[in-house]
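Peer 1: One structure follows; several queries about it will come next.
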Amino acid sequence: MSVVDPFGSMHKKTIELLITKVADYGLPSSANSADLQSGEELGDFEKVLDSNLNADLLYSYLSDLYIAEKENISSGIIEENAEIGLLHICKKSINLVKERYDKCIELVNELRSNYEIVTERTSSLHNACDRMMAHQTQIAAGAEQIRANLYYYTQYESIMKKLSTGKFSITGQVFTQILSTIDECLRFLNNHIHYKDSRIYITKYEQCLSKAMTVIRMGVMADLEASHNAVKDRYMKLDVESRQSDYSDDDTFALLYGVFAARANSIRSALNVAEQHFRDITEFQLMTADCQQAYFKIRYQMLEPVIKNTIEELRRTHESSSCALTRNGCAFLLRLCDDEFRLYKQFFTVGDDDDSGSRSTTVPIPSNLHASISAPFNLGTTSFDDFIESLCRVLYDILRPIVIHNPHLETLTELCTILK
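Letter by letter, the sequence shown follows residues 6 to 425 of the working numbering.
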């Protein structure tokens, strides 16, 4: 056993050193060196202590020690210590725990990798869904825009069908909506001339517009003719004296302006509705001109016999005084023009609609009467001027030969003053 004594002593010293170092948390201490025995067998341990217990070196040394011990045990030189056996068991358990730990780490790393892959794919799917939702919203908005734009292409058939039936009032809501739709469609198509078939549908809606203007023209002329017939029917009920009375007669005035103006609001409303949408359109301007010409023609037919009868009555009354004839004839025509312009404004829109609506009854001519009456005439149309001129020509035809054949200079001067 003398051979093993150095190894046993070395084994005990090793355990003591380990206990001491564990108690001091593995830090080297100079005080512990005094407790160590000097000897050649402890030289290697002192080198280990001086190197601050390098873990790798200590593990290598312990491994060599363990191998040497295993050889001694297997050769029967020494017996295995119980603590060593327990240490072996603990080592196996630790190795098993380490293997399981490594396996867990591997599984955790695999889970982390799979999680990152799933997260990336989920994020990609979410982004793709967002793009698809945005695309869907864009497509829905485009479809809605197309549906809204198609509205201006699909109204033609409905409008033309309604205009062809003609079973509506030109002042009613249905016809007003038709005019508004035509205007809206034409404005849209003209503003988007680059759209497909826009020019074709502009032509179609212009046909609808022409049809609508024709309907208004026919309606206005029918109302004017109905007003004319109403006046003629009332004339039939009057006796001969009443029909041949002066212009100032109340019955004649009521017939010419009261009965005839019964449909004025209907005609003006229809024209105003069309004017709101198509003021600058050629079709509207032509239609308005036709309606005005029909109006002037009817009014002239009604007024011409009254004017002639009145002028002839004035001529018989003032046969000896051309100045009195001229003065009263001009006063009569000025009142007539005033009343006609008021009536005209009840049917049609002019630049100045500020009127009292009352009839002028004063026979003498005020100094400013001519200016006050002729001023609004300048705001009317050329057709109205021509109409008034045709009414005044009756007096002109009577006064012209009187003035030409009058030899008295004073009378001619007074006539010129009156006419001015």
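C-beta atoms are modelled at their ideal positions from N, C-alpha and C, and glycine is treated no differently.
Are Leu404 and Thr331 closer than 8 angstroms when you measure CB to CB?
Peer 2: Here residue 404 refers to the residue found at position 399 of the sequence shown. Here residue 331 refers to the residue found at position 326 of the sequence shown. Their beta carbons are under 8 angstroms apart, which means Leu404 touches Thr331 by this criterion.
Peer 1: Going along the chain, which unbroken runs of the alpha helix (DSSP H) with 4 or more residues stay wholly within the segment 166-237?
Peer 2: 178-196
Peer 1: Please confirm if the segment 263-272 is in contact with the segment 228-238, defined as three or more CB-CB distances below 8 angstroms between the two stretches.
Peer 2: yes
Peer 1: With H, G and I counted as helix, E and B as strand and the rest as coil, what does DSSP make of Glu309?
Peer 2: Translated into positions along the sequence shown, residue 309 becomes position 304. Here Glu309 sits in helix by DSSP.
Peer 1: Please report how far the alpha carbon of Phe258 lies from the alpha carbon of Ser327, in whole angstroms.
Peer 2: Position 253 of the sequence shown, counted from the start, is the residue given in the question as residue 258. Position 322 of the sequence shown, counted from the start, is the residue given in the question as residue 327. About 27 angstroms.
Peer 1: Rounded to a whole number of angstroms, what is the C-alpha to C-alpha distance between Thr293 and Lys302?
Peer 2: For the purposes of this step, residue 293 is taken as the residue at position 288 of the sequence shown. For the purposes of this step, residue 302 is taken as the residue at position 297 of the sequence shown. Spanning the alpha carbons of Thr293 and Lys302 requires a straight line of approximately 14 angstroms.
Peer 1: On a Cα-Cα basis, can you pick out the residue from Asp343, Phe392, Lys313 that is closest to Asp402?
Peer 2: The residue labelled residue 402 in the question sits at position 397 within the sequence shown. When only C-alpha atoms are compared, the closest one is Lys313.
Peer 1: Given a cut-off of 8 angstroms on the beta-carbon distance, is the pair Ile198 and Ile164 in contact?
Peer 2: Along the sequence shown, read from residue 1 onward, the residue named residue 198 stands at position 193. Along the sequence shown, read from residue 1 onward, the residue named residue 164 stands at position 159. In this structure, Ile164 does not lie closer than 8 angstroms to Ile198 by Cβ.
Peer 1: Inspect the beta-carbon positions of Leu5 and Thr354 and report whether they are closer than 8 angstroms.
Peer 2: The structure shown does not extend to residue 5, since the chain spans only 6 to 425, so no value can be given for it.
Peer 1: Confirm, please, whether the CB-CB distance from Gly171 to Val225 is below 8 angstroms.
Peer 2: Mapped onto the sequence shown, residue 225 falls at position 220. Mapped onto the sequence shown, residue 171 falls at position 166. No, these two residues do not count as a Cβ contact at 8 angstroms.
Peer 1: So, does the segment 388-401 touch the segment 331-343, judging by three or more C-beta pairs under 8 angstroms?
Peer 2: yes
Peer 1: What does the alpha-carbon distance come out to for the pair Asp107 and Val113?
Peer 2: Translated into positions along the sequence shown, residue 107 becomes position 102. Translated into positions along the sequence shown, residue 113 becomes position 108. Looking at the two C-alpha atoms, the distance is approximately 10 angstroms.
Peer 1: With a threshold of 8 angstroms between beta carbons, is Arg204 in contact with chain B?
Peer 2: The structure shown contains no chain B; it holds only a single protein chain.
Peer 1: Have a look at Lys18, Ala227, Asp256 and flag the residue whose alpha-carbon is nearest the alpha-carbon of Arg2.
Peer 2: The structure shown does not extend to residue 2, since the chain spans only 6 to 425, so no value can be given for it.
Peer 1: What residue does the alpha helix (DSSP H) around Ala336 start on, and which one ends it?
Peer 2: Taking the first residue of the sequence shown as position 1, residue 336 is located at position 331. Segment 327-352, the alpha helix (DSSP H) holding Ala336.
Peer 1: Assign Ser43 to buried or exposed, taking buried as 16 or more other Cβ atoms, counted over all protein chains shown, within 10 Å of its Cβ.
Peer 2: Residue numbering aside, residue 43 sits at position 38 when the sequence shown is read from its first letter. In this predicted model, Ser43 has a pLDDT of only 44, less than 50, meaning its place in the structure is not dependable; the value taken from the coordinates is given anyway. Looking at its Cβ environment, which holds fewer than 16 other Cβ atoms inside 10 Å, Ser43 is exposed.
Peer 1: May I ask which residues mark the beginning and end of the alpha helix (DSSP H) holding Ile267?
Peer 2: Here residue 267 refers to the residue found at position 262 of the sequence shown. One detail in the question is off: residue 267 reads as Ala in this sequence, not Ile. From DSSP, Ala267 is part of no alpha helix (DSSP H); its letter is neither H nor E.
Peer 1: Alpha carbons only, please: which of Leu184, Phe352, Ile24 is nearest the one belonging to Leu168?
Peer 2: Here residue 168 is taken as the residue at index 163 of the sequence shown, counted from 1. Selected option, being the one with the closest Cα: Leu184.
Peer 1: Specify the secondary structure class of His323 as computed by DSSP and reduced to three states.
Peer 2: The sequence position of residue 323 within the sequence shown is 318, counting from 1. Correct three-state label for His323: coil.
Peer 1: Quick one: give me the first and last residue of the alpha helix (DSSP H) that Asp285 is part of.
Peer 2: Against the sequence shown, residue 285 aligns to sequence position 280. It is not in any alpha helix (DSSP H) - Asp285 carries neither H nor E in the DSSP assignment.
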